[in-house]
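What follows is a short report on a single structure.
Chains as they are written, first to last, in my numbering: chain A, 1347 to 1557; chain E, 22 to 576.
Here it is, written out as structure tokens:
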């Protein structure tokens, strides 16, 4: 009975519906890659035109804070993978707990990021807030502009991801999300989370490790 | 063509079909009469109708802006609009027509209505997302209108930096936000089509049996999903520069204004194919139905849609031949731009081969189809001229370019849009319209269009730059011709509005298959019931399986 209830209108069976949801999420993630692709293109142009200045600018960033954040985010992805495993096995509380842990790590990432921004602001590196900047070259200024836009956009994606995981965690734990029949919901949300994670894995070397 | 057995009162020859037929009573149009049943519908057919209303409104607004410009251009002095006003008028025209008419026109109305019907599905893969996409579209459109009319933007639809980022007085940020929002609608629609075509085809509907319209919509969706996000991030960067002084494009702050053009055209050149690919798909359907023959080289026509979508991603640099990019880059982009003509040519040749020895009917849909083919060929060939580096340097930023892309977008896409409207109208509303009026409108559109835009080729070749409303007096004759043509074209565009609306009530019932065409959409009643198919069909034959008439059989 649960099987038929979880099939919505245009679909013939649960499998077709699941396949469609997976493909839909993959296509969406493809568009997300193109969104960040524009920023990566900007970074590549900047690096090609001004290699020495970009390296100088990158050295001013707090590489260790970025490294810690990378570790935090990768760990959160592990938790999401564990949650998906629980969901497929129909373990409601495990799903909720792992998703909650992953979302918490996401929040930790954001907290560290805000701390990092405040450090950079104090050092006169962060543009856009009206404070006098202490950048040495126009390229460093452009690099910091790119840094702010790219990490800001990433943080926005992470924020959406945190809210998404929290909602699913609550629904899974309370039993409103039918598991394992609707395991596709945490699976697709998890795909989104992994992508946001992977984008950071690319942003980190491009911004912090260009030295 | 008039299905007599469908008349509500079969004996009463004077009943023009005013009362409802049985089919209509069970159709999607009568499944719920409240406003809520329309505005919260998840039925792809009703959402298509919602889009049809929205884009018709935007078409008229964009057209009104064009009318203002053509009126102003009647004399060589700018006496109707101020300089600023003229800049704002062409910005409204461009922004509205590109993002709120041309891009959504065929995919979001006919794609929405037809893709599930053509592949034997009950709906798109994500019906709620489909409705959401309409709301986002309308929200973005309303917001854009407000910004363009209340504050005004004078950058043109291209938002070029550094004009848009440093010098423009208008509400560039708000306009960018509006287009950014509209982008979500595009992405969601494209995503929905891709998943639908992959996962919801009925048994037997293999990839080599898909109607060519579906192939075209699929190729379009790939571009929508992959190109639109690049525009989004570009607009984000423009907004960041204007709001927070983050100078990615500002040379004073270490940025690069040319980078904007690269990013913008990386979206906007593929966007040209978003506008024209669905039209190519429509024309393939119209040609096959008019010739009553299987499409010549089906696989090549289908594959050329994909080829156009793919190559279209690698030609953006031809917009920047005179912008100071490397000569070698220009040469490569020039070559690639010529290459994209090959799949377009394949389509035109294959349509001609399909028509060869066909039993051609000159019904309105095909007249629009022929209008498309003729104007698309002119637009395409002048596109080849513009792709040549040396010629482009001469006519860059002149009316020659304006005429070229209007031949593709208006002569091509808008004609195909009207062709689709006339071809599938009996399916959508279940009634036929007077064919005579359909033919007349098609002919007037063809004549009006050429009178409007052919003089612009001459103007451009003689050196009239685009985006100026004060011009040298010797250009006036050609401008007057163009404005006269625009008036004819405007009237011709209004004609279908009248007789198609009339037909909804007074037209004769159409019957399931008024054109006697192949395709699953013609196997359903007109208008189709809410769930399209009582039973999911099974396809066991190739597409366009028309019976071929042999010579002599016809007498």
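We put the beta carbon where it would ideally sit given N, CA and C, even for glycine.
Around the beta carbon of residue 159 of chain E, 16 or more other beta carbons sit within 10 angstroms, so the residue counts as buried.
Boundaries of the alpha helix (DSSP H) harbouring residue 1508 of chain A: 1484-1520, taken from the DSSP string.
Against chain E, the beta carbon of residue 1483 of chain A has neighbours under 8 Å at 275, listed in chain order.
A residue is called buried when at least 16 other Cβ atoms come within 10 angstroms of its Cβ; residue 228 of chain E does not meet this threshold and is exposed.
Secondary structure within the segment 57-127 of chain E: the alpha helix (DSSP H) runs of 4 or more consecutive residues, fully enclosed, are 65-93 and 104-116 (chain order).
Within the model, the alpha-carbon separation for residue 382 of chain E versus residue 394 of chain E is close to 16 Å. Below 8 Å, too few C-beta pairs join the segment 1487-1507 of chain A and the segment 1428-1440 of chain A to call them touching: fewer than three. Contact annotation: in the segment 131-146 of chain E, residues whose CB is within less than 8 Å of a CB in chain A are 137, 142, 143, 144, 145 and 146. E:144 is the residue among E:477, E:269, E:144 and E:178 whose C-alpha sits nearest the C-alpha of residue 214 of chain E. Taking C-beta atoms under 8 Å as the contact rule, residue 1376 of chain A and residue 284 of chain E fail to qualify, at a distance of about 18 Å.
Below 8 Å, enough C-beta pairs join the segment 232-244 of chain E and the segment 292-311 of chain E to call them touching: three or more. By the rule that beta-carbons nearer than 8 Å mark a contact, residue 380 of chain E does not touch chain A.
Taking C-beta atoms as the reference points, residue 161 of chain E and residue 196 of chain E fail to come closer than 8 Å. Residue 452 of chain E is bridged by DSSP to E:530. Residue 547 of chain E is positioned such that its CB atom lies closer than 8 Å to that of residue 448 of chain E. For residue 216 of chain E, at least one C-beta of chain A is nearer than 8 Å to its own C-beta. Of the other Cβ atoms in all chains shown, 16 or more fall within 10 Å of the Cβ of residue 293 of chain E; this residue is therefore buried. Remark: C-beta atoms of residue 181 of chain E and residue 288 of chain E do not approach each other more closely than 8 Å. Under the three-state reduction of DSSP, residue 545 of chain E is assigned to coil, being neither helix nor strand.
Within its own chain, no residue has a Cβ closer than 7 Å to the Cβ of residue 1513 of chain A once the five positions on either side in sequence are excluded. One alpha carbon belongs to residue 1490 of chain A, the other to residue 335 of chain E, and they sit about 30 Å apart. For residue 569 of chain E, no alpha helix (DSSP H) encloses it, and the DSSP letter there is neither H nor E. At a Cβ-Cβ threshold of 8 Å, residue 320 of chain E and residue 567 of chain E do not count as neighbours. Take residue 1466 of chain A, set aside five residues on each side of it, and the residues of its chain with a beta-carbon closer than 6 Å to its own are 1472, in chain order. The beta carbon of residue 261 of chain E falls within 8 Å of a beta carbon belonging to chain A, placing the residue at that interface. Remark: fewer than three beta-carbon pairs, one from each stretch, lie closer than 8 Å, so the segment 445-460 of chain E and the segment 470-482 of chain E are not flagged as touching. Between the segment 45-59 of chain E and the segment 1403-1420 of chain A, the count of Cβ pairs shorter than 8 Å is below three; the stretches do not touch. In this structure, the CA atom of residue 562 of chain E is about 11 Å from the CA atom of residue 541 of chain E.
The beta carbon of residue 265 of chain E falls within 8 Å of a beta carbon belonging to chain A, placing the residue at that interface. Around the C-beta of residue 565 of chain E, 16 or more other C-beta atoms lie within 10 Å, and the residue is accordingly described as buried. In the structure shown, residue 1478 of chain A adopts coil according to DSSP, grouped into three states.
Beta bridge pairing from DSSP links residue 403 of chain E with no other residue.
The beta carbon of residue 268 of chain E falls within 8 Å of a beta carbon belonging to chain A, placing the residue at that interface. In its chain, beyond the 5 residues on either side, 93, 94, 99, 102 and 107 have a beta carbon closer than 7 Å to the beta carbon of residue 490 of chain E. Apart from the 5 residues on each side of it in sequence, residue 353 of chain E sits with its Cβ closer than 8 Å to the Cβ of 338 in its chain, given in chain order.
One finds 212 in chain E with Cβ atoms closer than 7 Å to the Cβ of residue 1374 of chain A, taken in chain order.
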